[in-house]
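Participant: Quick note on numbering: the sequence shown equals residues 651 to 1467 in the numbering used here.
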Amino acid sequence: PGGGLLGLSSLDAGDDGKWTVSQFPCHSNLVTDFDFSPFDDNVLATCSADETVSLGLFYQDSNVSEFIVETLSPGQGRLETVLFHPSSSGLLAVGSASTAQVWDTGRDLALAALEPHADQLYSFTWKQDGSVLATTCKVSALLTIAVWGRTPNEVCQSVSKIEVTELLIFVSFLVCPSVSHCLTESSTRGIAMVPKLALDVASCEVLRVLQLTDKYIVPVSYHVPRKVGQDFHEDLYPDTVGQTAATTAEEWWKGENRQVQLDCGASHLLLGLKTKYSTPVTLSLTFCFSLSYSVSPHFNCPAPAPQEVQVGCSTSSSPLTSPSSSAAPSRSPSSTSGLSSGFLPSPSQSTRAIQSMLGPSSKFRHVQGSILHRDTHITNLRGLNLTTPGESDGFCANRQRVAVPLAIAGGQIAVFELSRPGKLPDTALPTIQNTVSVADLAWDPFDPHRLAVAGDDAKIRVWQVPDGGLTDTVTEPKCVLQGHTEKIYSISFHPLASGLLATSSYDMSVRLWNLSSGQEVKVLKGHQDQIFGMAWSPDGQLLATVCKDGKVRIYDPRRSDEPTKEGPGPEGPRGARVVWVCGGQYLLVSGFDSRSERQLYLYSTQTLSSGPIATTPADVSPSTLIPFYDPDTSLLFLTGKGDTRVYIFEILPDSPYFLECSSFSSSEPHKGFSFLPKTECDVRDVEIARALKLTKNSIEPVAFRVPRVKKEFFQDDIFPDTAVCWESTLTGSAWLSGSNGQHRKMSLRPKDMAPVSEAPKDVPVRKYLPSSVYLDEKTDEQKKEELLSAMVAKLGNREDPLPQESFQGVDDEEWDD
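(1) If you drop the 5 nearest sequence neighbours on each side, which residues of the same chain put their C-beta closer than 7 angstroms to that of Gly1033?
(2) From this set, Val856, Met1158 and Val732, which residue's C-alpha is nearest Gly1133's C-alpha?
(3) Apply the 10 Å Cβ neighbour rule to Gly1219 and answer buried if 16 or more other Cβ atoms are within range, or exposed otherwise.
(4) In its own chain, which residues sit with a C-beta less than 6 angstroms from the C-beta of Gly1190, not counting the 5 before and 5 after it?
(5) Mind checking whether Ser687 and Thr696 have CB atoms under 7 angstroms apart?
(6) In terms of residue numbering, what span does the alpha helix (DSSP H) encompassing Val1442 cover?
(7) Tell me whether the beta-carbon of Arg1111 lies closer than 7 angstroms to the beta-carbon of Val1103.
(8) Could you tell me if Asn1084 is buried or exposed, where buried requires 16 or more neighbouring beta carbons within 10 angstroms of its beta carbon?
(9) Rounded to the nearest angstrom, what separates Pro651 and Val859 at their Cα positions?
(10) With a threshold of 16 other CB atoms inside 10 Å of the CB of Ile1181, please say whether the residue is buried or exposed.
(11) Quick check: Lys1346 and Gly1044, are their CB atoms within less than 7 angstroms of each other?
(12) Looking only at its chain, what residues have a beta carbon closer than 6 angstroms to the beta carbon of Gly1292, apart from the 5 residues adjacent to it on each side?
(13) Among Ser1315, Gln1365 and Ser672, which has the Cα closest to the Cα of Asp1335?
(14) My understanding is that Ala747 touches Gly727, with C-beta atoms under 8 angstroms, so please give their C-beta distance in whole angstroms.
(15) Distance check for Gly1222 and Phe993, CA to CA, integer angstroms please.
(16) Based on Cα-Cα distance, which residue from Glu1310, Leu656, Lys1343 and Ser1305 lies nearest to Thr1294?
(17) Is the Cβ-Cβ distance between Val1202 and Gly1183 less than 7 angstroms?
(18) I believe Asp754 touches Leu741 by the beta-carbon criterion, under 8 angstroms. Please report the beta-carbon distance rounded to the nearest angstrom.
(19) For Val1374, does the three-state DSSP call read helix, strand or coil?
(20) Specify, as a first and last residue, the run of the alpha helix (DSSP H) that Trp903 falls within.
(21) Quick check on Leu661: does DSSP put it in helix, strand or coil?
(22) Run the CB neighbour count on Ser1187, radius 10 Å, all protein chains shown included, and call it buried at 16 or more, exposed below.
(23) What's the gap between the Cα of Glu631 and the Cα of Cys787?
(24) Tell me which residue opens and which closes the alpha helix (DSSP H) that Gly1382 is part of.
(25) Per DSSP, which residues does Met843 bridge with? Please list them.
(26) Which residues mark the beginning and the end of the beta strand (DSSP E) in which Phe1242 is found?
(27) Tell me where the beta strand (DSSP E) around Asn1164 begins and ends.
(28) Would you grab the beta carbon distance between Gly1149 and Gly1388 for me? Rounded to a whole angstrom, and I think it's under 8 angstroms.
(29) In chain order, what residues of the same chain lie with their CB nearer than 8 angstroms to the CB of Pro1071, ignoring the 5 residues before and after it?
(30) Please state whether the Cβ-Cβ distance between Asn1048 and Trp1093 is less than 7 angstroms.
(31) Assuming contact is defined by CB atoms lying nearer than 7 angstroms, are Val1017 and Val1065 in contact in what I supplied?
(32) Rounded to whole angstroms, what is the Cα-Cα separation between Thr775 and Leu761?
(33) Just the Cα atoms here: how many angstroms apart are Cys1129 and Leu1074?
(34) Count the other CB atoms within 10 Å of the CB of Gln1169; is the residue buried (16 or more) or exposed (fewer)?
(35) Taking DSSP as the reference, what is the three-state secondary structure of Ala762?
(36) Pick out whichever of Ser781, Tyr1251 and Val1160 has its Cα sitting closest to the Cα of Ser1210.
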């Protein structure tokens, strides 16, 4: 959604003869331009309307395709163009609406920024030696163009601006006037040239372009009519530049202009062509275009005499130093193409350098959220209460049912069974009549029929939903908890002890309730203002709160009614939430900074008073981000009421602490998210989380999946044993007396699935037959003898009588004279 996805596909078909397109989310908005590195086929730079540049490293192992993304922020508004430097590694030109910058990606540093153009920047290009950057822009309906030639003898040498309505460029090398047109069936939406490395030199293929249509990518191949399969045609494939950068970004910035060294045929590639010779032909494979002649698909144009190219000549009139003759050594073809051995290439040095520069990445970074089929939706919802307090999640769900407040007098609550999706009738539905407006509500984690509801009258009502759901309107609660003197903010059940409930109120207190006795058992004090949120620790021993007075507090309710630890919290009165992460080692607080921008704060529970150890910005929005933390994957899901996006982070116990993953976006704002237990996930489809999304008229299940190749195996690396959180470990009375508990764990692996850790290792498959197959080629004489032998064997040399010999003819006297 939003155009931020990037599709990557191999030029070659897979083992099944099909092409697979892998989708990788790079940006939160439209991708406007992208460019592959000239020195590493796996490095791709993209820019977007979200004002960022993504530098990605693509690689694929036996189980998953990976696309590691590092983000650069030039800060120039919407970005339109991006282009790698032709001779220096890690150097990138980035263009916005009116200016361009040159970035050192290795140091995440902007080296230079061009003067703002008078109008919209259209495009730019590097000079072939990399010394100068040319740009084009719109100026009062005229086009400002800076043009450079390939050598000082071509086109022009000076750097100048030409305002023209017609541009004529004269080239100094010979061209063939013959023109051939390749007509295609579909309209062209784009076109790209395939590098010479991918051409079939054995069939004299000199050019291949890819045509992008509305539905397909069509390869168009250009061949020179030659007798193929016997000799390498050197006149069609001149020497070309290598794939090793001549300079680093830092060296280029200091003034060095070295050219990338030509591959002069010293390295050869063994293709093992099927010929009449007893040994394979050794070919000098070249990788780029020849500028000395032009070849069309149907016309063979004579090539002029090759011109001698002097590597050390200067082609620049800029103040930077001219190219040096000491060019960098080129990379051998075998190390870049992988064709000589038939195996996939090992990661190159530049690949490892990029990987090191990008730092750690999450294995969940490509998590994909998708709304399940409409048959699973609950639709035709009417009269929803969409103005619940900011401290409330808005609705709540468990494994069996979902409760939604209604905007109907009497604080009515609708309860829907998840086992009965579909369109609701237009008639009135049975509801729970809470008698007062609903402030917050929560299901008992150990009893899917018990619902606790906090009201504006400072009372908590506990309702019991019958088996099978509501059939009649329920008006009598199971019990009513009374003790707060002001309106209640939020309620939270204990994660381990049954019948234990915590509530926060406008009276600036947190109270604990034992539902078995219906009595208040603890009152926690120390807050100086409104309590934004609270959360139990995973072991159920501590309770954390975040308050409007700018403090984060940790309580040990069984020891003291005062906080045991206290630290600075988010600034401002906009709201906040708190959740325990990393096994209770840290507190994650979502709030706002002094500029009212949404922020995430990570606190160590041991050093809470020192403030957050890490922060990360989210975006600008008035609603508070509501967090949900999955302890099995360490993934944090965040979204606000009225948002269209769900942020996903992997939380680490060490630096960098936050690893951002792909976010989920929907076309319309949602009113809230409620996540279901882990057992509701489809592990066969590598589903790591499932949630219910509440909209203004429907409830829609959303599945979050991790893309994997070997889905026939149970992905035990991302599905550890999970806690049985729907079973209590002790009673509320036992916990109050000092006892502790711990959830038992269970495996999510289906019985008929083997874990991926025990899957057999893939054996590399050769893309090409070994040369020994072609070495056994028979001579023409041997082929003739085998052919004759086969014909004789088929016809046979039998002495059986012929069919006509068995017929009896007429007598001699019957013949007429």
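All C-beta atoms in this analysis are idealised placements derived from N, C-alpha and C, irrespective of residue type, glycine included.
Facilitator: For this structure:
(1) Indexing the sequence shown from 1 puts residue 1033 at position 383. Annotation for Gly1033: Leu1056, Ala1057 and Ile1058 place their beta carbon closer than 7 angstroms to its own, counting only its chain and skipping 5 residues before and after.
(2) As a working note, residue 1133 is residue 483 in the sequence shown. Of Val856, Met1158 and Val732, the residue nearest in Cα terms is Met1158.
(3) Here residue 1219 refers to the residue found at position 569 of the sequence shown. With 16 or more other Cβ atoms within 10 Å, it is buried.
(4) Residue numbering aside, residue 1190 sits at position 540 when the sequence shown is read from its first letter. So the list reads His1144, Pro1145 and Leu1146, once near-sequence residues are dropped.
(5) Position 37 of the sequence shown, counted from the start, is the residue given in the question as residue 687. Position 46 of the sequence shown, counted from the start, is the residue given in the question as residue 696. No, the pair does not count as a contact, with Cβ atoms beyond the cut-off.
(6) Working through the sequence shown from its first residue, we reach residue 1442 at position 792. Asp1430 to Leu1445 is the extent of the alpha helix (DSSP H) around Val1442.
(7) Taking the first residue of the sequence shown as position 1, residue 1111 is located at position 461. Taking the first residue of the sequence shown as position 1, residue 1103 is located at position 453. Yes, they are a contact pair.
(8) Along the sequence shown, read from residue 1 onward, the residue named residue 1084 stands at position 434. Buried, because 16 or more other Cβ atoms sit within 10 Å of the Cβ of Asn1084.
(9) Within the sequence shown, residue 651 is the residue found at index 1, counting from 1. Within the sequence shown, residue 859 is the residue found at index 209, counting from 1. Note that Pro651 scores a pLDDT of 47, beneath 50, so its modelled location is shaky; the value from the coordinates is reported in the next line. So the alpha carbons of these two residues sit roughly 29 angstroms apart.
(10) Here residue 1181 is taken as the residue at index 531 of the sequence shown, counted from 1. Ile1181 should be labelled buried.
(11) Reading the sequence shown from its first residue, position 696 is the one you call residue 1346. Reading the sequence shown from its first residue, position 394 is the one you call residue 1044. In this structure, Gly1044 does not lie closer than 7 angstroms to Lys1346 by Cβ.
(12) Residue mapping note: residue 1292 aligns to position 642 of the sequence shown, counting from 1. Same-chain partners within the cutoff: Ser1273 and Pro1319.
(13) Within the sequence shown, the letter at position 685 stands for residue 1335. With distances taken between CA atoms, Asp1335 lies nearest to Gln1365 out of Ser1315, Gln1365 and Ser672.
(14) On the sequence shown, residue 747 is found 97 positions in, with the first residue counted as 1. On the sequence shown, residue 727 is found 77 positions in, with the first residue counted as 1. Confirmed, Cβ separation roughly 6 angstroms.
(15) Position 343 of the sequence shown, counted from the start, is the residue given in the question as residue 993. Position 572 of the sequence shown, counted from the start, is the residue given in the question as residue 1222. In this prediction, Phe993 scores a pLDDT of 33, lower than 50, which makes its location untrustworthy; the coordinate-derived value is nonetheless stated afterwards. Their backbone Cα atoms lie some 59 angstroms apart in a straight line.
(16) Numbered from 1 along the sequence shown, position 644 holds the residue referred to as residue 1294. It is Lys1343 whose Cα lies nearest to the Cα of Thr1294.
(17) Within the sequence shown, residue 1202 is the residue found at index 552, counting from 1. Within the sequence shown, residue 1183 is the residue found at index 533, counting from 1. Going by C-beta atoms, Val1202 is not nearer than 7 angstroms to Gly1183.
(18) As a first step, residue 754 must be located in the sequence shown, where it is residue number 104. As a first step, residue 741 must be located in the sequence shown, where it is residue number 91. Yes, Asp754 and Leu741 are in contact; Cβ-Cβ is about 7 angstroms, under 8 angstroms.
(19) Within the sequence shown, the letter at position 724 stands for residue 1374. Coil at Val1374, not helix or strand.
(20) The sequence position of residue 903 within the sequence shown is 253, counting from 1. Here the alpha helix (DSSP H) through Trp903 covers Ala899 to Trp903.
(21) Within the sequence shown, numbered from 1, the residue matching residue 661 stands at position 11. In the displayed model, Leu661 falls within coil according to three-state DSSP, outside both helix and strand.
(22) Translated into the one-based positions of the sequence shown, residue 1187 becomes position 537. Counting every other CB atom within 10 Å of its CB across the protein chains shown gives Ser1187 a total of 16 or more, marking it as buried.
(23) There is simply no residue 631 to check, as the chain begins at 651 and stops at 1467 in what is shown.
(24) As a first step, residue 1382 is located in the sequence shown; it is residue number 732 there, counting from the start. Segment Gly1382 to Leu1386, the alpha helix (DSSP H) holding Gly1382.
(25) Against the sequence shown, residue 843 aligns to sequence position 193. As DSSP reads the structure, Met843 sits in a beta bridge with Val859.
(26) Mapped onto the sequence shown, residue 1242 falls at position 592. Residues Tyr1236 to Phe1242.
(27) Here residue 1164 refers to the residue found at position 514 of the sequence shown. Where Asn1164 is concerned, the enclosing beta strand (DSSP E) stretches over Val1160 to Asn1164.
(28) The residue labelled residue 1149 in the question sits at position 499 within the sequence shown. The residue labelled residue 1388 in the question sits at position 738 within the sequence shown. The pair is not a contact, with the Cβ atoms about 17 angstroms apart (cut-off 8 angstroms).
(29) By one-based count along the sequence shown, residue 1071 stands at place 421. Here Pro1071 has Asp1025, Thr1026, His1027 and Ile1028 as same chain residues with Cβ atoms under 8 angstroms from its own Cβ, once five neighbours each way along the sequence are excluded.
(30) The sequence position of residue 1048 within the sequence shown is 398, counting from 1. The sequence position of residue 1093 within the sequence shown is 443, counting from 1. Between Asn1048 and Trp1093, the C-beta spacing is below 7 angstroms.
(31) Within the sequence shown, residue 1017 is the residue found at index 367, counting from 1. Within the sequence shown, residue 1065 is the residue found at index 415, counting from 1. Not in contact: Val1017 and Val1065 (Cβ atoms no closer than 7 angstroms).
(32) Along the sequence shown, read from residue 1 onward, the residue named residue 775 stands at position 125. Along the sequence shown, read from residue 1 onward, the residue named residue 761 stands at position 111. Going by the C-alpha atoms only, they are around 17 angstroms apart.
(33) Translated into positions along the sequence shown, residue 1129 becomes position 479. Translated into positions along the sequence shown, residue 1074 becomes position 424. For Cys1129 and Leu1074, the distance between alpha carbons rounds to 30 angstroms.
(34) Mapped onto the sequence shown, residue 1169 falls at position 519. For Gln1169, the number of other beta carbons within 10 angstroms of its own is below 16, and it is reported as exposed.
(35) Numbered from 1 along the sequence shown, position 112 holds the residue referred to as residue 762. Residue state, collapsed to three classes: strand.
(36) Taking the sequence shown and counting its residues from 1, the one referred to as residue 1210 is at position 560. For the residues Ser781, Tyr1251 and Val1160, the minimum Cα distance to Ser1210 belongs to Val1160.
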